[in-house]
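The end of the sequence shown is residue 188 by the working numbering, with every number in the run present. Yeah, the Cβ is synthetic: ideal placement off N, Cα and C, and Gly gets one too. Nothing here was measured: the structure is a model prediction, and the numbers come from that model. Written below as structure tokens is the structure these notes are about.
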Amino acid sequence: MPAQLGSPRHALIMEGYLLYLDTQDTSIGELVYGALEEGFLKLYASADRATDALRYEIPLTDHQLRVKLVPYGENGSFVPCRFQVDLEPYQATSGMIRTYLFAAATFQATQAWCDALFDWKRHVFDPSLRSLDIAGNTEACSVVTVAATERTTLEARIVECSLAPHHVVSSSSPTGLAAWFKRHFGT
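Below is the structure:
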């Protein structure tokens, strides 16, 4: 089960491996290390959570958050243990509802992520809940072992379900009209 600090039901920080799935294309998904902290769901390329490994940062503040379990086989996807996060801005002028789709290694991990996401706002300012200390305590060693098991399970699902990674647009690549011209005319 992913690392969860605080009581079993409520936690500010939740971290562990997830599959980040595409909501439209069932063949796209990638392994990420998720960390729920201080109003963000941060998705890293690896568990060391280095700044340069940050792939996606999903802001939870200023949004109504809905979390739901996604049944196996729904929408043509046969990746088990999926859950969906819908973020609706509190102000209508702030944009549309954004939907994110994830899968955890086990049903218990899926439920723990859903609970932590649902309850994140209640504990965001609790200073007693902070990142794990990975320096030598037995709880930290157990967390590392569980994370390795989850990673192995999710890597097997990537192969089993033939998932390809999300296309990440480079910040240096042209967008809009310039990108269209480059694609069509090679200039």
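| Do Glu16 and Ala36 come within 8 angstroms of each other at the CB atom, strictly closer than that value? | Closer than 8 angstroms, so yes.
| message | So, does the stretch 102-115 touch the stretch 21-28, judging by three or more C-beta pairs under 8 angstroms? | response | yes
| request: Look at the Cβ atom of Leu61, then the Cβ atom of Gly40, and state whether they are nearer than 8 angstroms. | output: Against a cut-off of 8 angstroms, the Cβ pair of Gly40 and Leu61 comes out as a contact.
| Whole-Å CB distance - Trp114 paired with Phe84, under 8 angstroms assumed | About 6 angstroms separates the CB atoms of Trp114 and Phe84; that is less than 8 angstroms, so the two are in contact.
| How many Å lie between Ile196 and Leu118 at the Cα? | Residue 196 is absent from the structure shown; the chain starts at 2 and stops at 188.
| To the nearest angstrom, how far is it from the Cα of His167 to the Cα of Glu151? | 20 angstroms
| request: Identify the continuous beta strand (DSSP E) that holds Gln85 and give its terminal residues. | output: Arg83 to Pro90
| query | Do you know offhand how far Ala110's Cα is from Glu156's? | reply | Across the structure, Ala110 and Glu156 are spaced so that their CA atoms are roughly 16 angstroms apart.
| Minimum C-alpha distance to Ala93 - residue among Asp49, Glu58 and His64 | His64
| said: By the DSSP assignment, the beta strand (DSSP E) with Leu118 in it spans what residues? | reply: Note, Leu118: premise wrong, no beta strand (DSSP E); alpha helix (DSSP H) at Phe108 to Asp120.
| Residue environment, Ala48, which counts as buried when at least 16 other CB atoms sit within 10 Å | buried
| request: Apply the 10 Å Cβ neighbour rule to Glu161 and answer buried if 16 or more other Cβ atoms are within range, or exposed otherwise. | output: exposed
| Among residues of its own chain, excluding the 5 on either side of Phe108, which ones have a beta-carbon nearer than 7 angstroms to its beta-carbon? | Closer than 7 angstroms at the Cβ level, and outside the excluded window around Phe108, lie Cys82.
| Is Val80 helix, strand or coil by DSSP? | Val80 falls in the coil class under three-state DSSP.
| field | Close beta carbons around Pro128, own chain, < 8 angstroms, minus the five adjacent residues each side | value | Model confidence at Pro128 stands at a pLDDT of 49, short of 50, so the residue's coordinates are unreliable and nothing is read from them.
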